[in-house]
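Asks:
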Amino acid sequence: MFREGDWAIFTDNRVSMMERLVSRRRLHTHWGYIEHDAVIGLEPGSIVETSRGKRLYVFGPTLADYVMHMPRKSGIIYPKETGIIFLWADVFPGARVLVGGAGSGGLLLGVLRQVGEKGRVVAYDVRQDMLDRAAENVRGYFGDLPPWLELRLGDIYRPEGLEEVFDRILLDVPEPWRALETVRRTLLPGGILCSYLPSILQVARFENLLRRTGSFALVETVEVLMRGWHIEGRAVRPQHRMVGHTGFLTFARFVKGGEG
């Protein structure tokens, strides 16, 4: 059941709002308000009414819900990409993962849950305010900073004191080609590198360099487009709006003894 401090998603199937439940507070909407105390103690999947009689469903948020509603100081890698990252990069339970560009923590949250308490995640960012935001969003989801996470203020292009090795490296930085020396030093042979970039010109520069170095195999770039469908009775058609281009994902496997 919902307890004080839990996150809750309120929805009428069209509009969704995320709220942390605090006793004696209210969620205000254009349909009226809902007392948090009326939700605390309910089971997820219950129906509640606003002060003006609007019926809303209340659920616990999925990770995708949390990422899309959490406070942010930058753009995020959207859930449609993170799902592909976890499968294509094979981010497995217990994996050691290096993240370049912590951002607001959208990708970081998924990686932390994916690797679990037997894994290790080291995340770099050059901005302290971004690390602070990522830390707050991670605390908001997990309740505290997981002990398998280490946030570091520094430059993934020239990280100081980074001596360990990783199974996977995930880059969300504007010039990933500048991080290749870090990748060669810290990625296990056979490990997987993934980079997220918004521009195809950035992708072309990065992928062509990956191929020329001889240090990487199975290099590929994909774009993830997500289109919903409208289904009502016999009316079946694609929705007029879709989540189109947000970025490109480039994947590569590190080769032992490759030229570099």
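For any residue, its number in our numbering is found by taking its place in the sequence shown, counting from 1, and adding 155.
Beta carbons are placed, not taken as given, at the ideal position from N, Cα and C, and that holds for glycine.
1. What do you get for Arg396, buried or exposed, if any count of 16 or more other CB atoms within 10 angstroms of its CB means buried?
2. Between which two residues does the alpha helix (DSSP H) carrying His224 extend?
3. List the whole-angstrom C-beta distance separating Trp162 from Gly196, where the pair is believed to meet the contact cut-off of C-beta under 8 angstroms.
4. Which residue wins for smallest C-alpha separation from Lys228, given the options Arg367, Val222, Asp284, Pro393?
5. Taking the beta carbon of Leu308 as the centre, do at least 16 other beta carbons fall within 10 Å, making it buried, or is it exposed?
6. Okay, do the stretch 185-196 and the stretch 241-261 touch, 3+ Cβ pairs below 8 angstroms being the bar?
7. Just how far apart, CA to CA, sit Thr337 and Ser354?
8. Which one of Arg268, Asn363, Gly383 has the shortest CA to CA distance from Thr376?
9. With 16 other CB atoms within 10 Å as the buried threshold, where does Leu404 fall?
10. Answer yes or no: do Pro107 and Arg294 have a C-beta to C-beta separation smaller than 8 angstroms?
11. Terminal residues of the continuous alpha helix (DSSP H) containing Arg275?
12. Identify whether Gly388 lies in helix, strand or coil by the three-state DSSP scheme.
13. Please report the distance separating the alpha-carbon of Gly230 from that of Asp280.
14. Counting only runs that start and end within the stretch 283-341, where is the beta strand (DSSP E) found for 3 or more residues in a row?
15. Give me the residue from Val398, Gly346, Ile386, Thr401 with the minimum Cα distance to Val374.
16. Just grab the DSSP bridge partners of Trp162 for me.
17. Starting from Phe371, follow its DSSP beta bridges and name the residues at the other end.
18. Within a Cβ cutoff of 6 angstroms, which residues of the same chain sit near Pro199, ignoring the five residues on either side of it in sequence?
19. Inspect the beta-carbon positions of Leu343 and Val320 and report whether they are closer than 8 angstroms.
20. Enumerate in chain order the residues of its own chain whose CB-to-CB distance from Ser201 is below 7 angstroms, with the five nearest sequence positions on each side excluded.
Replies: Concretely, from the data shown:
1. exposed
2. 218-224
3. Wrong, their Cβ atoms sit about 16 angstroms apart, outside the cutoff.
4. Considering only alpha carbons, the answer is Asp284.
5. exposed
6. Touching, no, given that fewer than three Cβ pairs across the two stretches are closer than 8 angstroms.
7. In this structure, the straight-line span from the alpha carbon of Thr337 to that of Ser354 is close to 22 angstroms.
8. Asn363
9. buried
10. This structure does not reach residue 107, given that the chain is present from 156 up to 415, and the question cannot be answered.
11. Per DSSP, Arg275 belongs to no alpha helix (DSSP H); it is in the beta strand (DSSP E), 275-280.
12. coil
13. Approximately 14 angstroms between the Cα atoms of the pair.
14. Segments of the beta strand (DSSP E) lying fully in the stretch 283-341: 304-308, 321-326.
15. Gly346
16. Arg175
17. Phe409
18. Phe214, Gly215
19. Leu343 places its beta carbon less than 8 angstroms from that of Val320.
20. Val213
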